[in-house]
Each structure stands twice: as C-alpha cells, then as structure tokens.
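Engineer:
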Amino acid sequence: MKRSDYKFKTETKSKLESKLKSLKDMNKIHKFEHDTLEELVHKMEQELETKMYIKNDIENIFNECINKKDEYLKDITQERISVFKERKKRQNQLQKLLLIMKQENNKNYNINYLKKYESNLMNEINSYKNYKDFETKIAMDLIDDHSLNDLYVT
Numbered sequence: 119m120k121r122s123d124y125k126f127k128t129e130t131k132s133k134l135e136s137k138l139k140s141l142k143d144m145n146k147i148h149k150f151e152h153d154t155l156e157e158l159v160h161k162m163e164q165e166l167e168t169k170m171y172i173k174n175d176i177e178n179i180f181n182e183c184i185n186k187k188d189e190y191l192k193d194i195t196q197e198r199i200s201v202f203k204e205r206k207k208r209q210n211q212l213q214k215l216l217l218i219m220k221q222e223n224n225k226n227y228n229i230n231y232l233k234k235y236e237s238n239l240m241n242e243i244n245s246y247k248n249y250k251d252f253e254t255k256i257a258m259d260l261i262d263d264h265s266l267n268d269l270y271v272t
C-alpha cells in the first residue's frame, strides 16, 4: 500500500507541477500580451493628443484668418460707403451749379460749359471708382493669399 501511495503521490505531484508550469507559462504569455496592449494604448493616446493639438492649432489659424478677412471686408465696405457719399455730394454740387447757371442766364445758360463741367466731374468720379475698385481687388487678393498661406503653415 505504501508503494502505491507513494506512486500516487509522485504521479499527482508531477501532474500538479506540470499544471503549475503550464499555468505559469500561460500567465507569462497573458502578462506579455497585457503589456504590449498597454503600450499600444499609450501610443494611441499620445497620437490622439498630438492630433488634438494640431486640430486646435489649425482651428486657431482658421479663426484668425476669418477675423482678418472680416476686418478687411469691413474696411472695404467703409471705403465703398465713402465713395457713394462723395458721388452723391458731387451730384448735388452739379445740380446746384445747374440751378445757379439757369438763374444767372435766365434760361439762356451756356450748355457747352455745363456739358464740359459735367463730363469732367464724371471723369473724376469714374477714375476715383476705378482706383477704389483696383484697391479693393488688391485687398481681396491679399486676403486670399494670406488666408491660404496661413492654412498651410503647419
């Protein structure tokens, strides 16, 4: 009986040791997998953080460009308003001049003089309008170039 007990004990001991060894090996494998997964998660978190920083930088640049564009457009609209006011003022001056000439000559006013004066005023208005249109075009080109350059800086 003792031999069989001894044999049984040795067999169970060897079986248990083999199971323990296999469990330790499995545990090592799982620990290794766990470590590699933790490293991957950490790398992914870092990549996400860098992408978030880049996204925030791009949003800031975009908002700055939009603000600059709004400022330029505001300046341009103010310039146009001033041009319209000047045109209205010149038209009023021309009407006053016509009335004065009419009153002075009592319907016998010099039409050639008035036509020349009117054409000179119209030429001035057109040249001023062309100048402002040219300025506006240059400003808009600068806005477009500036906003595109800012977006590609990163």
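Going by our numbering, the first residue of the sequence shown is number 119, and it counts up by one from there.
All residues carry an ideal CB built from backbone N, CA and C; glycine is no exception.
Being a predicted model, the structure only gives us computed values, none of them experimental.
Compare the beta carbon distance of L212 and L239 with 7 Å and say whether it is the shorter of the two.
Structural biologist: Taking 7 Å as the Cβ cut-off, L212 and L239 qualify as a contacting pair.
Engineer: Considering only the beta carbon of each residue, do V201 and K250 sit closer than 7 Å?
Structural biologist: In contact: V201 and K250 (Cβ atoms closer than 7 Å).
Engineer: Output the distance between the C-alpha atoms of V271 and Y171, rounded to the nearest integer angstrom.
Structural biologist: Caution is warranted here: a pLDDT of 49 is assigned to V271, below 50, making its placement in the model unreliable, and no coordinate value can be reported.
Engineer: What residues in its chain sit with their C-beta under 8 Å from that of E253, if we drop five residues either side in the sequence?
Structural biologist: Counting only Cβ-Cβ distances below 8 Å, and skipping sequence neighbours, we find E197.
Engineer: Measure the C-alpha to C-alpha separation of N258 and Y190 and round it to an integer number of angstroms.
Structural biologist: Correcting the residue type first, residue 258 is Met in the shown sequence and not Asn. Approximately 8 Å, taken between the alpha carbons.
Engineer: For K187, which residues of its own chain have a beta-carbon under 6 Å away from its beta-carbon, when the five flanking residues on both sides are left out?
Structural biologist: Taken in chain order, the residues that qualify are I261.
Engineer: Rounded to the nearest angstrom, what separates H148 and N185 at their Cα positions?
Structural biologist: Distance between the alpha carbons of H148 and N185 is about 55 Å.
Engineer: Looking at I176 and R205, is the spacing between their C-beta atoms short of 7 Å?
Structural biologist: The answer is no: Cβ separation not under 7 Å.
Engineer: With DSSP as the reference, label V271 as helix, strand or coil.
Structural biologist: With a pLDDT of 49 at V271, under the threshold of 50, the modelled position of that residue is not reliable, and the figure given next carries that caveat. Note: V271 maps to coil in three-state DSSP.
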